[in-house]
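Numbering (our numbering), first residue to last: 15 to 389.
Written below as structure tokens is the structure these notes are about.
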Amino acid sequence: MGHIVVVGGGLAAARLCEQLRAKGHEGELTVLCAESCPPYDRPPLTKGALTEERDTTLRTDFSSLRTDLRLGVPATSLDPDRDVVHTTEGEVPFDALVIATGASPIRLPGPGPQFTVRTAEDAARLRARLVPGTHLLLAGASWINAEVATSALKAGCRVTCVEPGPAPLALALGEEVGHRITQWWSEVDLRLGTGVTEVTATGARLTDGTHVDADVVVTGIGVRPETGWLAGSGIEVDRGVVVDEHLRTNRERVYAIGDVAARWSPRWNTRLRVEHWDDARSAPETVAAVILGDGGPLPVHDPVPYFWSDQFGRKIQYVGHHGPADSVEIRDGDEPKWSAAWHTPDGRLTAHLSVTQPKLMIKARAEIESAITAA
Numbered sequence: 015m016g017h018i019v020v021v022g023g024g025l026a027a028a029r030l031c032e033q034l035r036a037k038g039h040e041g042e043l044t045v046l047c048a049e050s051c052p053p054y055d056r057p058p059l060t061k062g063a064l065t066e067e068r069d070t071t072l073r074t075d076f077s078s079l080r081t082d083l084r085l086g087v088p089a090t091s092l093d094p095d096r097d098v099v100h101t102t103e104g105e106v107p108f109d110a111l112v113i114a115t116g117a118s119p120i121r122l123p124g125p126g127p128q129f130t131v132r133t134a135e136d137a138a139r140l141r142a143r144l145v146p147g148t149h150l151l152l153a154g155a156s157w158i159n160a161e162v163a164t165s166a167l168k169a170g171c172r173v174t175c176v177e178p179g180p181a182p183l184a185l186a187l188g189e190e191v192g193h194r195i196t197q198w199w200s201e202v203d204l205r206l207g208t209g210v211t212e213v214t215a216t217g218a219r220l221t222d223g224t225h226v227d228a229d230v231v232v233t234g235i236g237v238r239p240e241t242g243w244l245a246g247s248g249i250e251v252d253r254g255v256v257v258d259e260h261l262r263t264n265r266e267r268v269y270a271i272g273d274v275a276a277r278w279s280p281r282w283n284t285r286l287r288v289e290h291w292d293d294a295r296s297a298p299e300t301v302a303a304v305i306l307g308d309g310g311p312l313p314v315h316d317p318v319p320y321f322w323s324d325q326f327g328r329k330i331q332y333v334g335h336h337g338p339a340d341s342v343e344i345r346d347g348d349e350p351k352w353s354a355a356w357h358t359p360d361g362r363l364t365a366h367l368s369v370t371q372p373k374l375m376i377k378a379r380a381e382i383e384s385a386i387t388a389a
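Written as structure tokens, this is what we have:
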């Protein structure tokens, strides 16, 4: 394989460079990174990095990996027929292309300023505003905003959160688990059943017609895969770059990994877009082996999804993937330690949530891997 180009500058891109060299790639290797700083770890941005300045730069040594790391050079379009990526600094030809552009926060309408937390710059800007007495308005009782609320309360801020659903995380975890989580928000003015229609110069207007005055508005209502630059390329996009279980797109020698990839999962018999650190860390090993394949069976990327969140003094871990037909059971004690398990109608464990009980997570992960693989 000749010149491999990676578009994106996050964990997945950095890990891919390491894996390609470890597996024997001797050709050119180029990383096109839209941000002007070297790749860094994102999970800390909504955790410790909001209360104190932290360097989360990855330890990847791109120089020793003989990688041309181009910072501040985003891809603008793709011509797969000519095997060329167009960038703000010209054309970059490739023999194999890996799309790892991640995702961007969804923003609310309105002329007022709103914060999101996706980049190191985002975190630094918000951290500067988290001072005693600041009134923070959070749009969405999401995973991200729960962590923002935790840091803001610790900094002495007053926090209001508006959530269209019946409970925090109800869309992700269901109402029963969401209602259990609601009590964690006791120090927050949590307003359920209403959302933001627009961000104004002094706060936000809500769907119930009221206006909330706030010093800072933080939007945490989800992300969209960063695929706009692929328009007209012929690459299939459907809520992410569509790839098979080998992380291949519909175009030869073009692959996708990380938050931008919507991959087929034989294990779950559905397409998944897994926006988690664990997946960004593991997918590069698979795609590197696929790109440099020796003619044998192609490796499959189909791990059991896993992620964690630190919020309101609790460590939350989730493993698996549950569907609408699965039933949920709250088990293993009361606050501050409890868990929830999802099962199929025939009794197979598909997902598990643990609250400050890491040992349960290890057991559940093994059970899910065994049960779903057997199915």
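Note that the Cβ used here is the ideal one computed from N, Cα and C, for glycine as well.
Residue from the options whose Cα sits closest to the Cα of residue i
i: L72; options: H17, D227, Y54 and W322; result: Y54
i: E40; options: L306, A27 and I235; result: L306
i: A385; options: V255, Q371 and H357; result: H357
i: L220; options: P298, G124 and E250; result: G124
i: S353; options: R29, G361 and I330; result: I330
i: D292; options: V251, G334 and S91; result: G334
i: E177; options: P338, S368, L111 and V232; result: V232
i: G236; options: T60, R265, W157 and E250; result: W157
i: E381; options: I344, V318 and E349; result: V318
i: P280; options: N264, H260, E289 and L85; result: H260
i: L204; options: A276, G170, T370 and A153; result: A153
i: G16; options: S78, W199, E67 and L111; result: L111
i: D82; options: C31, V131, H336 and I113; result: C31
i: V342; options: G170, P350 and R362; result: R362
i: A114; options: R172, T70, R345 and T44; result: T44
i: A339; options: T364, I249 and L244; result: T364
i: D69; options: G23, H193, E135 and D97; result: E135
i: A63; options: N283, T133, A155 and E289; result: T133
i: T65; options: A169, E103, L79 and W243; result: A169
Nearest-angstrom Cβ-Cβ length linking residue i and residue j, presumed shorter than 8 Å
i: L122; j: V210; result: 5 Å
i: V202; j: T174; result: 7 Å
i: G223; j: P239; result: With 8 Å as the limit, G223 and P239 do not qualify as a contact, their Cβ atoms being about 34 Å apart.
i: D160; j: F326; result: The sequence given here places Ala at residue 160; Asp does not occur at that position. Indeed, because the Cβ distance is near 7 Å, the residues count as touching under 8 Å.
i: A11; j: V21; result: With the chain covering only 15 through 389, there is no way to say anything about residue 11.
i: S91; j: S323; result: In fact, because the Cβ distance is near 36 Å, the residues do not count as touching under 8 Å.
i: A117; j: V256; result: Not a contact, Cβ separation roughly 15 Å.
i: W278; j: D258; result: 5 Å
i: L46; j: V99; result: 7 Å
i: V230; j: F108; result: Not quite, the Cβ-Cβ distance comes to about 42 Å (not below 8 Å), so this is no contact.
i: T101; j: V87; result: 5 Å
Where the alpha helix (DSSP H) through residue i begins and ends
i: L30; result: L25 to A36
i: P298; result: W291 to I305
i: A142; result: A134 to R143
i: E161; result: W157 to K168
i: E189; result: E189 to T196
First through last residue of the beta strand (DSSP E) which encompasses residue i
i: E67; result: Neither: E67 is in no beta strand (DSSP E) and is coded neither H nor E.
i: H260; result: Note, H260: premise wrong, no beta strand (DSSP E); not H, not E.
i: V333; result: R328 to G334
i: L390; result: With the chain represented from 15 up to 389, any question about residue 390 goes unanswered, as that position is not in the structure.
i: A277; result: It should be noted that the sequence gives Arg, not Ala, for residue 277. Run containing R277: A275 to S279, per the beta strand (DSSP E) assignment.
i: G104; result: G104 to P107
i: A270; result: V268 to A270
i: E40; result: From DSSP, E40 is part of no beta strand (DSSP E); its letter is neither H nor E.
i: V392; result: Since the first and last residues shown for the chain are 15 and 389, residue 392 lies out of range.
i: S118; result: A117 to P119
i: P239; result: V237 to P239
i: W322; result: Y320 to Q325
i: A153; result: H149 to A153
i: V20; result: I18 to V21
i: Q81; result: The identity of residue 81 in the sequence shown is Thr, whereas the question assumes Gln. From DSSP, T81 is part of no beta strand (DSSP E); its letter is neither H nor E.
i: T284; result: T284 to L286
i: L92; result: A89 to D93
i: T101; result: V98 to T101
- Query: Can at least three beta-carbon pairs, one atom from the region 135-149 and one from the region 164-174, be found at a separation below 8 Å?
  - Reply: yes
- Item | Inter-stretch contact at 8 Å, needing at least 3 Cβ pairs: the region 181-196 / the region 212-219 | no
- Kindly confirm or deny that the region 255-270 and the region 301-317 touch, where touching means at least three C-beta pairs closer than 8 Å. yes
- Task: Could you tell me whether the region 43-58 touches the region 309-317, where touching means 3 or more Cβ pairs closer than 8 Å?
- Result: no
- Query: Counting only runs that start and end within the region 207-235, where is the beta strand (DSSP E) found for 3 or more residues in a row?
  - Reply: 210-214, 217-220, 225-227 and 230-233
- Would you check if the region 17-31 and the region 282-300 touch, i.e. whether three or more CB-CB distances between them fall below 8 Å? yes
- May I have a chain-ordered list of the beta strand (DSSP E) segments no shorter than 3 residues that lie completely inside the region 336-370? 341-345, 352-357 and 363-369
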